[in-house]
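Asks: Dropping the structure in here first, questions after.
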Amino acid sequence: MVKGFFFTGFPGFICNQLIREVLKSNQLNGSVFVLILPDMVASAKKESAAIIAEYGLDESTFHIIVGDITKPFLAITEEEQEVLQHRVTHVFHLAAIYDLAVPRDIAQKVNVNGTENVNEWVRRLPNLDRYIYFSTAYVVGNREGTLYETELIAPPGFKNHYEQTKYEAEVLVETLKKEVPVTIIRPGIVKGHSNTGETIKFDGPYFIMNFLDRLKFLPLIPRLGKGEAFVNLVPIDYIIKATTYLSQLDKAAGKTYHLTDPHPYRASEIYEIMMQEMLNKQPKGMIPLTIGKWFLSIKPLRKFLGVEKEALDYFTWKGQFDCTHAVTDLKESGIACPDFKDGVKPMTAFYLQEKNNPTFQINIL
């Protein structure tokens, strides 16, 4: 049977790159089906045309399906449901609200209710080979210490609504493992491509770059807290290659993987490395994180600095992700997480090139 790859989250950056890698790994064979919201038709057509041109695909390979994961049966027409029922072999569910500052109601609607609807839809696919669900390593919430891929434990609390709703969504997907071949992907904090630095939005580690860029006029720039916590940053190319490989690996069915850096750096080290690369400076002095959070509670200040206040929670959280299963199952493929330090130059160059482009900066609320 010809493979049929169904994606939610198109035309998001991770989804776009994942489609390319999946097609390449299958020698450009198979059909692609992307579920998009009605207001995304224009951008979806533009991105799909780029993929078709890039690989010389027949236009009949790529199918844009208008729908909505927050609606029953994904709001897909009966005619299209009939086609998908027979042709879909792999489902990649990436659609989610990824913003750390997302309100609870929106996160619940998209991340939890949306995933429940996708789960119900997946259950009805007679030719399903694999359901790949994109979670996050941070479903662990406020749990600390060593955190394992085999665990899905309700934490004592969460740092934000994003973490909480992704945990609740993963619980729903975990129960599905009894019925369908599921692979759960838990990435760390995703950054741009390790070789090119390319990304489409400056969040996560780029908040540090925004902070440093806004304060570069100062003769001395202090540290933000002690920075003893490990911050797990992973380049998008590792996530894409690893996910594609695991989606076609038989023994990955029924497993959950931490796609995280097995050798992460401390927050203070990342801060120093970025400052050296961007400004050729080293930090002097320290601002306690409590004061930093107070500053970021003032809307004009956090907008000026380009930093969400929720991001500071990751500077103090003391958890480390065990990624033994991922490292072991990826070993034969040669796919491994690049060292953060090796990708800093292209990451910084791309940031400096695009920092004034408003399409890359997220709206700080």
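Numbering (this note's numbering), first residue to last: 488 to 852. Glycine included, each C-beta is placed from N, C-alpha and C at the ideal position.
#1: How many Å lie between R673 and S622 at the Cα?
#2: Work out the CA separation of F782 and I523 for me, nearest whole Å.
#3: Would you check if there are 3 or more beta carbon pairs closer than 8 Å linking the stretch 645-663 to the stretch 694-702?
#4: Can you check the stretch 795-847 for any alpha helix (DSSP H) of at least 4 residues that lies completely inside it and give the ranges in chain order?
#5: What do you reckon, are the CB atoms on K605 and T495 nearer than 8 Å?
#6: Can you name the residues that DSSP bridges to F520?
#7: I822 to F847, Cα distance in whole Å?
#8: Using the Cβ count rule (16 or more neighbours within 10 Å means buried), how would you classify E545?
#9: Checking the sheet assignment: what are the DSSP bridge partners for F500?
#10: Considering Y618, what are the terminal residues of the alpha helix (DSSP H) in which it resides?
#11: Terminal residues of the continuous beta strand (DSSP E) containing P722?
#12: Which full runs of the beta strand (DSSP E) of 3+ residues lie inside the stretch 648-691, going along the chain?
#13: Considering only the alpha carbon of each residue, which of D690, T683, S755 lies closest to E715?
#14: Express the C-alpha separation of K490 and K511 in angstroms, rounding to a whole number.
#15: Specify the secondary structure class of M488 as computed by DSSP and reduced to three states.
#16: What did DSSP end up calling Y732 once you bin it into helix, strand or coil?
Replies: To lay it out plainly:
#1: R673 and S622 have their C-alpha atoms spaced approximately 5 Å apart.
#2: The alpha-carbon atoms of I523 and F782 are separated by roughly 38 Å.
#3: Result no; under three Cβ-Cβ pairs closer than 8 Å.
#4: 811-817, 831-841, all fully within the stretch 795-847.
#5: One point to set straight first is that residue 605 is Val, not Lys, in the sequence displayed. Result yes, Cβ atoms of V605 and T495 sit closer than 8 Å.
#6: According to DSSP, which records beta bridges pairwise, F520 is partnered with F493, H550.
#7: CA-CA distance, I822 to F847, rounds to 28 Å.
#8: The question names Glu, yet the displayed sequence has Asp at residue 545. Counting Cβ neighbours within 10 Å, D545 comes out exposed, since fewer than 16 surround it.
#9: Beta-bridge analysis with DSSP links F500 to no other residue.
#10: Where Y618 is concerned, there is no enclosing alpha helix (DSSP H), although the beta strand (DSSP E) it sits in stretches over 617-621.
#11: Start and end: 720-722.
#12: Under the rule that a run must span 3 or more residues, the beta strand (DSSP E) segments found entirely inside the stretch 648-691 read 669-674, 676-678.
#13: When only C-alpha atoms are compared, the closest one is S755.
#14: Cα to Cα, K511 sits roughly 13 Å from K490.
#15: In the structure shown, M488 falls within a coil segment according to DSSP collapsed to helix, strand and coil.
#16: Helix, per DSSP.
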